[in-house]
Structure formats: C-alpha cells, structure tokens
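Undergrad: Quick note, the sequences are listed as chains A and B, same order. By our numbering, the letter at position 353 of the first sequence is numbered 373, and the numbering carries on one by one without gaps. By our numbering, the letter at position 138 of the second sequence is numbered 156, and the numbering carries on one by one without gaps. Following this message is one structure expressed as structure tokens.
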Amino acid sequence: MRILRRWRHPASWSIFRLDDRLLLILIAVIVGTCSGLAAVVLNRSLIAMFEWLHHFRHYWWSFIIPAIGAALSALFLDKIVKEGAGHGVPEVIYSVSRYGGLMRFRSSFSRLISSCLTIGSGGSAGPEAPVVMSGAAIGSNIAKFFSLNDRQRVTIVGCGAAGAISSIFNAPIAGMVFSMEVILGEWKAENIVSIAIASVAGTEISRILQGNQIAFSHRLFHVGHLDIVACIGLAIIAAAASILLTRLLRSMHGVSKKAPFPIWVRAAAGGCAVGIIGIFLPIVLGEGYHPLRTMIEGAYAQGIGIVTVAIFAKILATSFTLGWGGSGGIFAPCLVIGSLAGLTYHRGLILLWPSVSWVNEGCFALLGMAGLISGMLQAPLTGIFLIVEITGSYEVILPLIIVSIISTTLCHYIEPASFYLKELVEKGQLLRQGTDGSVLSDLSVQELLEKDCITVKQNMLLRNFIDIIKQSHRNYFPVEDEKTGHFLGIIHLDDIRPYLFNPLMYDAVVLGQIMDTNVEVVYLDDDLSEVLRKMDANRVFSMPVIADKKFIGMISKATLLDKYRKELMVQTDL
Amino acid sequence: MKFSLNDMARCLDLPVSTVDRWIRQGRIPIHRSGNACLFKKAVLEKWAFNHSLPFFLPNEKKEIYKEQNLGLTNLLPAMQLGGVFHDVKGDDVESVLKSAVDKVPVLSINKEELYKRLLEREALTSTGIGKGVAIPHPRAPLPEEIDNPLITTCFLEKSTDFAAVDDRLVFVMFILLSTSIKIHLHLLSRLAFCVRDDLFVEFLRTYPDTSSFLSRIADCENLLDKTD
C-alpha cells in the first residue's frame with residue numbers, strides 16, 4: 021500500500037528531488053515525445069481521412085463535405101468537450117500568462133479530433149495550432165502529475181508546444197523559436213534548455229515514425245542582387261495579405277456571432293461556402309500542403325490571373341472555415357497564401373521586366389511564406405527558421421530575413437497586436453511576466469490587507485471616540501452595526517477634525533451621524549487594477565475591504581507600492 | 019530546515035497568502051510538502067538578501083522586538099536620575115539657569131553648552147507654563163550626550179520672573195533633557211498632566227523634601243496610567 025502511494029506522487033521520489041533542472045529535462049523528454057506523437061497521429065489521420073473522402077470529390081454534392089466536417093467538429097467542441105471554437109493558441113498563451121500554464125486534460129485531445137474533422141473534410145485550416153494546443157495541454161498535465169510549481173509548469177507547457185511544432189514540420193529550431201517567441205514571450209536560459217530537449221524528442225519521434233524528410237524539397241536557388249531588392253516589394257504584399265487575413269478572420273467571427281443560429285449550423289454554412297469555392301479552385305481545400313509542394317518546385321502551371329484570384333479565395337475560405345466555427349490553425353493557410361503571393365509577385369515581375377533573369381519562382385513562393393508567417397504571428401524569427409527548416413534552403417536566408425523583418429514591422433505598424441494576441445490584448449488578458457498587469461493580477465486583495473484599523477460602533481458617543489483616536493495609528497475608523505457587525509460607513513479623521521476640539525459636541529453626537537456612508541468599498545476577489553482605478557477616480561489613497569458585509573481591513577496605495585515592488589523584484593530577476 | 023507555512027511567513031515578514039503563492043509559482047527557493055516548508059537556510063538567506071526582503075529565524079527576531087518594546091521612560095525614573103534640589107540661587111532667568119545647570123548630575127554633558135542651549139530655547143518663548151512652574155529644555159534632544167532621559171527638579175530660593183504665560187513668578191523648574199523627541203513629548207505631556215492639578219501645585223509650594231516629592235509623583239503617574 022505504501023509503495024502504491026509513493027507511485028501516485030512521483031514528485032516525492034527522491035531521485036527527482038536531487039536537482040530541479042535534471043527533473044525538468046527528464047520531463048521535457050517525456051512531454052516532447054508525447055506531443056510529437058500527437059502531431060504524428062493528427063498528420064496520419066488527416067492523410068487517411070483525405071484519401072477516404074477523395075472518392076467523393078467528383079460528385080456534384082461534394083461541396084457539402086466540408087460543411088458536414090465543420091458542423092461535426094463544432095458539435096464535438098460545443099457539446100462533448102465544452103470548449104470554444106478557434107485554434108487554441110490564444111488559450112495556451114492566456115493560461116501561461118495567467119494561470120501558470122494550467123490546462124484541462126481534455127484539451128490534450130479535443131482539438132486533435134475537431135481539427136481532424138474540419139481539415140480532413142476539406143476545411144481551409146492548418147493542423148499546427150491544434151497540435152500546439154494538445155502538446156501544451158499534455159505538458160501541463162504531466163507537469164501537474166509531477167506537482168511542479170508554476171514557473172516549471174510554464175516551461176513544460178512551452179516544451180509541449182515546441183515538441184508539437186518540431187514534430188509536425190520536422191523542424192526542431194522552428195519549434196524552439198516558436199515556443200519562446202509566441203507562447204512564452206520571454207527568452208530565458210532555463211527555459212531554453214528544456215524546450216530544446218523537447219524539440220529534439222519531438223523531431224526524433226516524427227523521424228522514427230515518418231522518416232526524415234524535408235517537408236518541401238526543391239532545387240537549389242541562385243539568389244541574385246536584384247532578387248534581394250525585389251523581395252522588399254514582396255514583403256509589402258505579404259504584409260498586406262496578412263492584414264487582410266487578420267481583419268477578415270475577425271470580421272467573419274463577428275458576423276457569425278450575430279447570426280441567430282446554433283453554432284453547428286453556422287459552422288456548416290461556413291463549410292458550405294468553402295466547398296463551393298473549392299469546386300472552382302480546389303487549391304483552397306484542406307491544409308494545402310500538396311499544392312504548396314508544386315509551387316515551391318516551380319511547377320505550378322496556372323497563370324497570374326488565377327493565382328491572384330486564388331490568394332483572395334484562400335483568404336476567404338480560411339476566414340469562412342475558422343471564423344464561422346470550424347477548428348484549426350492558421351499556419352498552413354498562411355503558408356499557402358504566402359506562396360501564392362510569392363508566385364503572383366514573381367509573375368508580375370516577369371511581366372514588367374521580361375529581360376531580367378529572376379530567380380526561380382519557387383524561391384519567391386518560399387519568401388512569401390516567410391512573410392505571411394512573420395506578419396501574422398509578428399514573430400520574425402519563427403518565420404525565418406521555419407521556412408529554412410521546412411525547405412532546407414539556407415541559401416535564401418538573406419532575402420528571407422529581409423522579407424520577414426519588413427513584413428513584421430509593417431504588420432506591427434498597422435495591427436499592433438499579432439493575430440494570436442489580439443483578442444487577449446483587447447480583453448486585457450495578455451500578462452507577460454514582469455509587466456504591470458501581471459504584477460497586479462498576481463497580487464490579491466487578501467495579501468494587501470491592513471488589519472490595524474480599529475472598528476467602532478455606530479452608537480458610540482464622540483467623547484468615547486476621542487479615546488479611541490488616541491490609541492489608533494490610522495486616520496480611518498470603520499463603523500459597524502452593534503448587532504449584526506455589518507459595515508455601515510467609515511469615519512476619516514480629516515472629515516471630523518473641526519468637531520474634535522469642540523467639547524460641546526462630545527456628548528451630542530454619535531458616530532452614526534458623522535460617518536461617511538457613501539464610500540466605495542473593495543471586495544476580496546476584486547481585481548487590483550480595478551481597485552486602483554477606483555482609488556484614482558475618487559482621489560482616495562485607502563479603501564475599506566468588505567467580506568460577507570463585514571469590515572475586514574483597509575487597502576492602501578502605500579502598502580500596495582511596498583508589495584508591488586517586492587513582487588516585481590521577485591518576478592523579474594530570478 | 020523545515021518550517022510550517024505560518025512560521026515561514028513570519029520569518030519573511032510577509033502575508034501567509036503571499037508566501038503560499040510564491041512557493042506555488044516557484045519564485046522562492048522553498049519546497050512544499052503538505053503544510054511543511056522545506057528549505058536550505060543559506061540559499062534562502064541569499065535569496066532574501068538579493069531581493070532585499072527581510073529574513074529572520076524566529077529566535078533572532080524576538081530580540082529585535084524586545085528592543086523595540088522597551089517602551090518610554092516614565093517621570094519617576096527620569097526624576098530619580100535627574101535629582102531634586104532645593105534653594106537654587108539666582109535673581110533672573112540667566113543666573114537661575116546657570117546655577118541649575120551646575121547641579122545637573124550628569125558628567126558627560128558640557129555644562130557650558132547646555133546652559134547656552136537652554137537660554138537659546140528660552141529666547142524663543144518662555145518655558146514658564148503658568149502656576150509658577152517652568153520646564154526649561156533644549157530645543158533638540160541630546161541623544162549623544164546622555165543615555166537616558168532625565169528631569170532635574172529645582173526649587174528656587176527666590177521666585178523669579180520667567181515671563182510666563184500667566185505672568186506669575188516661577189518657584190520651581192523641571193529641567194527636561196531627553197534622548198528623543200518622542201520621549202520628550204511623552205515626559206512633557208505627563209508633567210503637564212501633573213501640573214494641571216491645582217492640588218499638586220499647592221503641594222509643590224510647600225517645598226516638599228525629595229522622598230515625599232517623588233512618592234507624590236509616583237501617585238500622579240498611577241492616576242495617569244489608570245485614565246489611559
């Protein structure tokens with residue numbers, strides 16, 4: 021029995037308590053492997069589903085296949101696992117910044133199933149974000165199993181995300197960078213160690229099961245000087261496409277929210293729209309890796325007109341899928357849109373300057389992909405490393421950097437928050453470590469409570485109150501009801517100072533008459549930023565804290581500053 | 019080392035909820051095991067120092083509290099220390115103070131300097147508080163010259179004009195030397211409480227001897243402590 025109990029609490033095994041870093045590395049291996057497995061499973065089931073449904077593609081009613089898939093996925097998320105639609109990355113970031121990476125166990129598989137339904141049936145979305153969410157949830161739950169503390173759990177969640185991205189793209193560096201740049205939002209040596217290990221584990225799993233293949237192989241590119249100059253224009257197009265996609269996704273979301281139908285009907289409507297677009301331009305269906313390969317090889321035959329239309333069609337299809345309740349990520353659509361944009365730009369260049377010998381159009385497709393990823397995520401490093409790794413083309417690194425950086429800058433200029441963070445920023449939920457918001461949200465009213473106030477009863481005479489003032493260190497005296505003990509109001513010394521020196525008043529006034537009953541109060545579970553806003557609005561430095569209608573203490577700006585500073589020091593330089 | 023969460027919070031002088039959260043978030047080098055906090059003393063001390071947080075083991079802390087709780091000296095010990103003198107000579111403020119300063123029974127004080135300071139204070143406003151009582155004192159406390167506050171009581175040979183608030187001639191002086199402003203106010207307010215009582219002033223006018231004077235002061239202080 022005792023042995024059994026020890027097994028239930030692996031955190032107490034002495035081997036893990038030897039050194040925390042060792043423990044983290046060990047867990048990182050486990051988490052990286054698990055999230056890598058999740059990625060492979062999703063990838064395989066997508067392929068299987070796509071092949072199974074392929075037979076139905078040539079029927080006239082095939083456009084409802086994406087609708088059925090999207091509706092099933094919405095029903096599954098809404099009724100069975102009770103989670104919101106969407107790709108899940110904002111949820112991971114929010115959980116990391118607010119709850120120390122705490123996530124539900126069901127999140128580790130829910131997105132896999134729903135996105136498999138959406139994408140497998142032809143919805144325009146990517147499998148990466150769902151895998152990131154699953155990996156993060158797996159990490160979080162393993163960390164919980166080992167009863168790690170919040171900081172360690174956050175690292176492990178990052179490991180899960182890194183393992184997932186590494187595995188699905190066979191790109192260990194991109195996984196690491198994505199996890200640091202987007203999920204954790206901070207670069208710390210102690211995080212990097214575990215996340216690197218998880219990336220290696222995730223990549224290795226994918227290589228064992230699927231073979232070591234570069235996702236998008238291609239010929240060697242010879243990048244000339246003119247191409248580097250030309251890629252500035254591509255960056256601008258990529259930025260424009262990113263912003264169009266961001267805006268359209270959000271507005272679609274707004275439109276579908278207003279529609280008075282149940283969520284699965286909306287998802288089905290979105291799926292139908294995608295299916296109809298897909299009849300004319302099959303490139304928009306699914307995650308789009310197959311056309312992507314053709315484009316990078318430079319073998320995409322369509323003319324400039326169709327390619328340009330395809331960009332908008334893909335953007336539209338992605339917004340229909342994700343905005344109307346389907347489930348999946350924006351990674352893969354970004355890659356497709358980016359390479360389409362690259363092709364368009366390349367063909368435009370040839371039209372304008374036919375005599376110049378430009379580099380192969382596959383190279384521009386690849387640069388476009390980097391531009392879109394960097395622009396959407398506002399994470400230039402992720403864009404650069406991902407493209408280098410999935411195409412194995414180090415020779416294009418210079419234009420790649422230029423496109424990524426310019427696209428990120430432009431997008432940041434127009435949309436200050438990236439696609440993943442926008443919703444969080446709008447709700448004020450993005451709390452990176454060491455910022456004002458995170459310090460305030462970590463501190464609770466309970467911790468700031470000052471209990472040195474003397475409470476008085478409402479029927480006390482002013483004469484007796486004078487004696488209490490003598491003993492008190494504070495200027496505030498909360499007034500209570502004799503019988504119930506409920507808080508009635510507060511007396512501030514400043515308000516009654518004039519009467520204190522008039523002995524005639526001593527027996528004529530009871531405290532109930534001179535207290536201020538119109539006071540703003542704070543409750544124990546109030547948000548500190550809200551409390552501060554109230555203090556500023558009323559120009560007060562202290563407010564009474566009430567729990568269960570009874571006075572339990574004061575909260576003041578002075579104590580807040582003291583605690584705030586301690587918290588900030590503890591949060592930042594560890 | 020192993021502490022309970024409550025003890026730990028006391029050692030760090032933080033609310034229990036803060037310590038609990040910091041441990042949960044992994045911000046402080048302490049391990050939780052049930053309600054016990056496991057930590058290495060040296061590591062935690064270094065951490066606390068780096069974050070300029072206080073850290074005391076419980077027994078170390080008590081000593082500090084003891085020092086703080088020494089409390090304020092009351093009139094009686096200060097008066098015993100300062101001594102009671104009768105028939106202090108002098109015709110005006112300067113000469114009375116001069117001879118009174120000579121009687122102050124503390125060797126560490128520069129008498130010349132003290133005399134000058136008392137006069138300086140007297141020049142601001144009279145320290146004669148009425149009813150024939152004066153409380154000369156220097157403007158600032160003397161923490162370096164004396165270790166403990168003291169009050170030297172001087173019954174004057176001749177009543178002297180101190181330009182007191184009620185213009186009555188002063189017959190008794192309490193020279194009040196204190197180590198801090200807080201003690202000064204404390205002693206001054208206690209002395210004022212005694213003098214406010216007309217019976218006490220009547221008693222002073224009988225020029226009582228040292229022992230009966232001190233016992234009367236003790237009675238007054240008891241009364242004062244009761245009303246508090």
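Where a beta carbon is used, it is the ideal one built from N, C-alpha and C, also for glycine. Quick caveat, the model's predicted, so the values are computed rather than measured.
With 16 other CB atoms within 10 Å as the buried threshold, where does Q172 (chain A) fall?
TA: Walking along the first sequence from the start, residue 172 (chain A) turns up at place 152. Burial call: buried.
Undergrad: Could you work out which residues of chain B lie near G120 (chain A), taking near to mean beta carbons separated by less than 9 Å?
TA: Taking the first sequence and counting its residues from 1, one reaches residue 120 (chain A) at position 100. Residues of chain B passing the Cβ test: R42, Q43, G44.
Undergrad: Does the distance from the C-beta atom of G343 (chain A) to that of L269 (chain A) stay below 8 Å?
TA: By 1-based counting over the first sequence, the position of residue 343 (chain A) is 323. By 1-based counting over the first sequence, the position of residue 269 (chain A) is 249. Yes, these two residues count as a Cβ contact at 8 Å.
Undergrad: Go ahead and pull the three-state DSSP assignment for V529 (chain A).
TA: As a first step, residue 529 (chain A) is located in the first sequence; it is residue number 509 there, counting from the start. Coil at V529 (chain A), not helix or strand.
Undergrad: Tell me which residues of the stretch 210-227 of chain B have at least one Cβ-Cβ distance to chain A shorter than 8 Å, keeping chain order.
TA: Answer in chain order: no residues at all.
Undergrad: Taking 8 Å as the threshold (C-beta atoms), are V109 (chain A) and V152 (chain A) in contact?
TA: In the first sequence, residue 152 (chain A) corresponds to position 132, counting from 1. In the first sequence, residue 109 (chain A) corresponds to position 89, counting from 1. Their beta carbons are under 8 Å apart, which means V152 (chain A) touches V109 (chain A) by this criterion.
Undergrad: Between B:F74, B:G101, B:S177, which has its C-alpha nearest S113 (chain B)'s C-alpha?
TA: Taking the second sequence and counting its residues from 1, one reaches residue 113 (chain B) at position 95. Residue B:S177 is the option with its Cα nearest to S113 (chain B).
Undergrad: At 9 Å on the CB atoms, spell out the chain A contacts of L71 (chain B), in chain order.
TA: The residue labelled residue 71 (chain B) in the question sits at position 53 within the second sequence. Here the neighbours are K586, M589, V590.
Undergrad: Under 6 Å Cβ to Cβ from H49 (chain B), same chain only, skipping five residues before and after it: list those, please.
TA: The residue given as residue 49 (chain B) occupies position 31 in the second sequence. These residues qualify, in order along the chain: L56.
Undergrad: I'd like to know whether the C-beta atoms of V243 (chain A) and P419 (chain A) end up nearer to each other than 8 Å.
TA: Here residue 243 (chain A) corresponds to residue number 223 of the first sequence, with the count starting at 1. Here residue 419 (chain A) corresponds to residue number 399 of the first sequence, with the count starting at 1. Cβ atoms of V243 (chain A) and P419 (chain A): closer than 8 Å.
Undergrad: For a cutoff of 8 Å on Cβ pairs, would you count R171 (chain A) as touching chain B?
TA: Residue 171 (chain A) sits at position 151 when you count from the first residue of the first sequence. By this cut-off, R171 (chain A) is an interface position.
Undergrad: Please list, in chain order, the chain B residues whose beta carbon lies closer than 7 Å to that of E467 (chain A).
TA: On the first sequence, residue 467 (chain A) is found 447 positions in, with the first residue counted as 1. Chain B residues near E467 (chain A): P33, S35, T36.
Undergrad: DSSP puts A152 (chain B) in a beta bridge; with which residues?
TA: Here residue 152 (chain B) refers to the residue found at position 134 of the second sequence. BP columns for A152 (chain B) point to B:G146, B:M191.
Undergrad: Measure the C-alpha to C-alpha separation of I127 (chain B) and C238 (chain B) and round it to an integer number of angstroms.
TA: Within the second sequence, residue 127 (chain B) is the residue found at index 109, counting from 1. Within the second sequence, residue 238 (chain B) is the residue found at index 220, counting from 1. Whole-angstrom Cα-Cα distance: 30 Å.
Undergrad: Against chain D, does S464 (chain A) count as a neighbour if the rule is that its beta carbon must be under 8 Å from one of theirs?
TA: Absent here is chain D; the protein component of the structure consists of chains A and B.
Undergrad: Taking only three categories from DSSP, how would you classify H74 (chain A)?
TA: Residue mapping note: residue 74 (chain A) aligns to position 54 of the first sequence, counting from 1. DSSP places H74 (chain A) in helix when its eight states are reduced to three.
Undergrad: Run the CB neighbour count on D487 (chain A), radius 10 Å, all protein chains shown included, and call it buried at 16 or more, exposed below.
TA: Position 467 of the first sequence, counting from 1, holds the residue named residue 487 (chain A). Looking at its Cβ environment, which holds fewer than 16 other Cβ atoms inside 10 Å, D487 (chain A) is exposed.
Undergrad: So within the stretch 502-587 of chain A, which uninterrupted alpha helix (DSSP H) runs reach at least 4 residues, ignoring any that extend past its ends?
TA: You should have 513-520, 531-534, 548-558.
Undergrad: With a 10 Å radius around its C-beta and 16 neighbouring C-beta atoms as the bar for buried, classify N87 (chain B) as buried or exposed.
TA: On the second sequence, residue 87 (chain B) is found 69 positions in, with the first residue counted as 1. Summary for N87 (chain B): the model assigns pLDDT 44, below 50, so the residue's position carries little reliability, and this model does not support an answer.
Undergrad: State the DSSP-derived secondary structure class of P498 (chain A), mapped to helix, strand or coil.
TA: Position 478 of the first sequence, counting from 1, holds the residue named residue 498 (chain A). In the structure shown, P498 (chain A) sits in a strand (DSSP, three-state: E or B).
Undergrad: Decide if Y440 (chain A) is buried, meaning its Cβ has at least 16 other Cβ atoms within 10 Å, or exposed.
TA: As a first step, residue 440 (chain A) must be located in the first sequence, where it is residue number 420. Buried: at least 16 other Cβ atoms inside 10 Å.
Undergrad: Between I326 (chain A) and the rest of its own chain, which residues show a CB-CB distance below 7 Å, the 5 nearest in sequence each way excluded?
TA: What you label residue 326 (chain A) is simply residue 306 of the first sequence in a count that begins at 1. The answer is none, since no qualifying residue turns up.
Undergrad: Reducing DSSP to helix, strand and coil, say where A54 (chain B) ends up.
TA: Working through the second sequence from its first residue, we reach residue 54 (chain B) at position 36. The answer is strand: DSSP assigns A54 (chain B) an E or B state.
Undergrad: Identify which residue in A:T266, A:S141, A:Y519, A:V530 has its Cα closest to the Cα of Q478 (chain A).
TA: To locate residue 478 (chain A), count along the first sequence from 1; it is residue 458. Of the listed residues, the one whose Cα sits closest to Q478 (chain A) is A:V530.
Undergrad: Can you tell which of A:L204, A:I193, A:G231, A:E201 has its C-alpha closest to the C-alpha of A216 (chain A)?
TA: Residue 216 (chain A) sits at position 196 when you count from the first residue of the first sequence. That would be A:I193, whose Cα lies nearest to the Cα of A216 (chain A).
Undergrad: Our contact map puts N169 (chain A) next to Q43 (chain B) with C-beta atoms below 8 Å; I'd like the distance itself, whole angstroms only.
TA: Here the question's residue 169 (chain A) lines up with position 149 in the first sequence. Here the question's residue 43 (chain B) lines up with position 25 in the second sequence. The pair is a contact, with the Cβ atoms about 6 Å apart (cut-off 8 Å).
Undergrad: Hey, which unbroken runs of the alpha helix (DSSP H) at 4 residues or more fall wholly within the stretch 261-308 of chain A?
TA: Fully enclosed alpha helix (DSSP H) runs of 4 or longer: 283-300.
Undergrad: Excluding the 5 residues flanking K149 (chain B) on each side, which residues of the same chain have their C-beta closer than 8 Å to its C-beta?
TA: Taking the second sequence and counting its residues from 1, the one referred to as residue 149 (chain B) is at position 131. Contacts found: D184, R186, V213, D216, V219.
Undergrad: Apart from the five residues just before and just after Q230 (chain A), which ones in its own chain have a Cβ nearer than 7 Å to its Cβ?
TA: As a working mapping, residue 230 (chain A) is identified with position 210 in the first sequence. Cβ neighbours of Q230 (chain A) beyond the five flanking positions: V60.
Undergrad: If distances are taken between C-alpha atoms only, which option among B:L32, B:R157, B:L194 comes closest to L209 (chain B)?
TA: Here residue 209 (chain B) is taken as the residue at index 191 of the second sequence, counted from 1. That would be B:L194, whose Cα lies nearest to the Cα of L209 (chain B).
Undergrad: Does at least one heavy atom of the ligand ATP sit under 7 Å from the Cβ of E175 (chain B)?
TA: By its list of ligands, the structure shown contains no ligand whatsoever, and the ligand ATP lies outside what it can speak to.
Undergrad: Which residue spans inside the stretch 188-234 of chain B form an unbroken beta strand (DSSP E) run of at least 3?
TA: If we require 3 residues or more, the beta strand (DSSP E) runs fully inside the stretch 188-234 of chain B come out as 188-195.
Undergrad: Pairs of beta-carbons, one from the stretch 60-70 of chain B and one from the stretch 495-510 of chain A, closer than 8 Å: are there three or more?
TA: The stretch 60-70 of chain B vs the stretch 495-510 of chain A: no contact.
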